[in-house]
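Right, one structure below, let's go through it.
Residue numbers (this note's numbering): 20 to 379.
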C-alpha cells in the first residue's frame, strides 16, 4: 500500500505551490525541507529540487514548429520552389499565347503554390465557373484547370467584337456559343501546360470534362491533399484567377524529379535543346520564293518609258541557253524551262558556283 505523506512533506508541497503561484515574490522553498528525490523536474540533473520558476526557466529551450495534422504538407520546400520556377515559365508562355490570339495584352502571373485539401479548394471557388477535368497520361488520375468567369467574360466579349464597354459578369452557366469560345482559350492554356511540363516529363494533358459547378466533379476524396497553383490573369481593367489543382497522389510518382539538386540545370539544358529543335523546325518549314530568270538586259529610262504593248525586247541571250533559278533574290541553280501537265516548269540541271558571273 502507498505510504501516507508526513506533515513535513505536506508543508513542502504547499510551499512549492505557493512559490509557483507568487512568482519571484513568493516564499522560496528551502532545499533542506524538501526530500532529495521529491519534486524534481525531468531534464534537470538527478537530485535537483524543483523550487518554482527558477528551475523551470533553467530548462533548455527549443524551436517549436506549428504542424496541422488535418493538412499534412507532403511537398518539401525545395519541391515547391521547383514547381514555382516551372510554372512561372508556364505563366509567361500563356501570356504570350493569349495576347497574340486576342490582339491585346493579357498578362498571367503566378501568385502562389500552396498545399490544401480538395474540399478547401472547391469551397473557395465561385459558382458558376469554368471547372475543367484534365487527363494526364501516363500519370494515373486527373487534375483540375479552373478559369474564373470574371476574366472569361471579358475575353468572350472581345472575341465577339466588343469594345471598351463594361463586360457583365453573369451568374449563369455558359451558353453553347460561349463554351465554344471558352474551349479555344482552354486549348491554348492546356497546350502551354503540356509544353512546359516536357522539361520534367512528357505528359499528355487533354480536356476530358467540363462543369460549371465544382461540386459535380469529385476527382478525389474531400480530405485528399492537393497542390494548388494559383495565377492571376489581367486584361485591361479586368482580372480573374486561373487555378491548377493537382492531387498529390497524381504527381507523387514524379515528385523525386523536383528534389534533385541538378533539376534546374538539367531543366535548362532540356529547354535549350527543345528551343534549338523548335528553331530548326521553324527554319525547315518556312516558305521561300523561287523565281526563274529567263534573261536580263539593261534599258535606259527613256526606252522604258517608250515601251508599248507588242514591243519586242532583244536580250541578246540565246533561247537554247539554260535559265537561272533565284531563291529569295539569290541566284542558286541553272535549269531548262519546259511544260509538264499543262504547266510551265523548270528542270534543274546544275548549281551556280560563286565564281560564275551569273552568281552576281
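Every residue gets a Cβ at the ideal spot worked out from N, C-alpha and C, and that includes glycine.
Margin query: Our contact map puts residue 230 next to residue 266 with C-beta atoms below 8 Å; I'd like the distance itself, whole angstroms only.
Written below: Going by Cβ atoms, the distance from residue 230 to residue 266 rounds to 17 Å, so no, they are not a contact pair.
Notebook entry, point to check: Is residue 147 closer than 8 Å to residue 202 when the C-beta atoms are compared?
Noted result: no
Margin query: Among 163, 217, 312 and 24, whose alpha-carbon lies nearest the alpha-carbon of residue 235?
Written below: 163
Margin query: Starting from residue 199, trace the alpha helix (DSSP H) in both directions and tell me its first and last residue.
Written below: 195 to 216
Note to self: Using CA atoms only, rank isn't needed, just tell me which of 212, 179, 216 and 214 is closest to residue 198.
What the structure shows: 179
Next item on the list: Could you check what DSSP says for residue 220 in three-state terms: helix, strand or coil?
Entry: coil
Check: CB residue 247 to CB residue 159, shorter than 8 Å?
Finding: no
Checklist line | Length at least 3, wholly inside the segment 306 to 361: the beta strand (DSSP E) runs in chain order | finding: 309 to 312, 342 to 346 and 349 to 359
Margin query: Contact between the segment 334 to 347 and the segment 360 to 368 is defined here as three or more beta-carbon pairs at a separation below 8 Å; is this criterion met?
Written below: yes
Check: At which residues does the alpha helix (DSSP H) containing residue 82 begin and terminate?
Finding: Premise fails: residue 82 is in no alpha helix (DSSP H) and is neither H nor E.
Next item on the list: Could you name the residues that DSSP lists as bridge partners for residue 268?
Entry: DSSP lists no partner for residue 268.
Note to self: Which runs of the beta strand (DSSP E) at least 3 residues long sit entirely within the segment 100 to 141? Give them in chain order.
What the structure shows: 126 to 136
Check: In angstroms, rounded to a whole number, what distance separates the CA positions of residue 337 and residue 303?
Finding: 36 Å
Note to self: What would DSSP say about residue 29, mapped onto helix, strand or coil?
What the structure shows: helix
Next item on the list: Give the straight-line distance between the Cα atoms of residue 355 and residue 316, rounded to the nearest whole angstrom.
Entry: 19 Å
Note to self: Just verifying my parser: in three-state terms, what is the DSSP assignment at residue 36?
What the structure shows: helix
Checklist line | Endpoints, the beta strand (DSSP E) within which residue 248 is located | finding: 244 to 254
Next item on the list: Assuming residue 273 and residue 220 form a contact by the criterion Cβ under 8 Å, report the distance between their Cβ atoms to the nearest whole angstrom.
Entry: 6 Å
Notebook entry, point to check: How about residue 125 and residue 118: do their beta carbons lie closer than 8 Å?
Noted result: yes
Checklist line | Buried versus exposed call for residue 254 [16 or more other C-beta atoms within 10 Å across all chains shown] | finding: buried
Check: Would residue 168 be called buried (16 or more neighbouring beta carbons within 10 Å of its own) or exposed?
Finding: buried
Checklist line | CB contact flag (residue 127, residue 149, <8 Å) | finding: no
Margin query: Can you give me the C-alpha to C-alpha distance between residue 97 and residue 346, rounded to a whole angstrom?
Written below: 53 Å
Next item on the list: Would you give the residue range spanned by the beta strand (DSSP E) that residue 381 belongs to?
Entry: Only positions 20 to 379 of the chain appear in the structure, and residue 381 is not among them; the question remains open.
Item checked: Alpha-carbon to alpha-carbon, residue 94 and residue 129 -> 18 Å
Margin query: Tell me the rounded alpha-carbon separation between residue 25 and residue 138.
Written below: 60 Å
Checklist line | Buried/exposed call for residue 101, threshold 16 Cβ in 10 Å | finding: buried
Checklist line | Cβ-Cβ separation, residue 116 to residue 211 (assumed contact under 8 Å), whole Å | finding: 6 Å
Note to self: Only counting the same chain, and skipping five residues up and downstream in sequence, which positions put a Cβ closer than 6 Å to that of residue 192?
What the structure shows: 147 and 231
Notebook entry, point to check: So the alpha helix (DSSP H) residue 178 belongs to, where does it begin and stop?
Noted result: 168 to 178
Next item on the list: Verify whether the separation of the beta carbon atoms of residue 140 and residue 245 is less than 8 Å.
Entry: yes
Note to self: Using a 10 Å radius around the Cβ and a threshold of 16 neighbouring Cβ atoms, would you call residue 173 buried or exposed?
What the structure shows: buried
Notebook entry, point to check: CA-CA distance, residue 309 and residue 224?
Noted result: 41 Å
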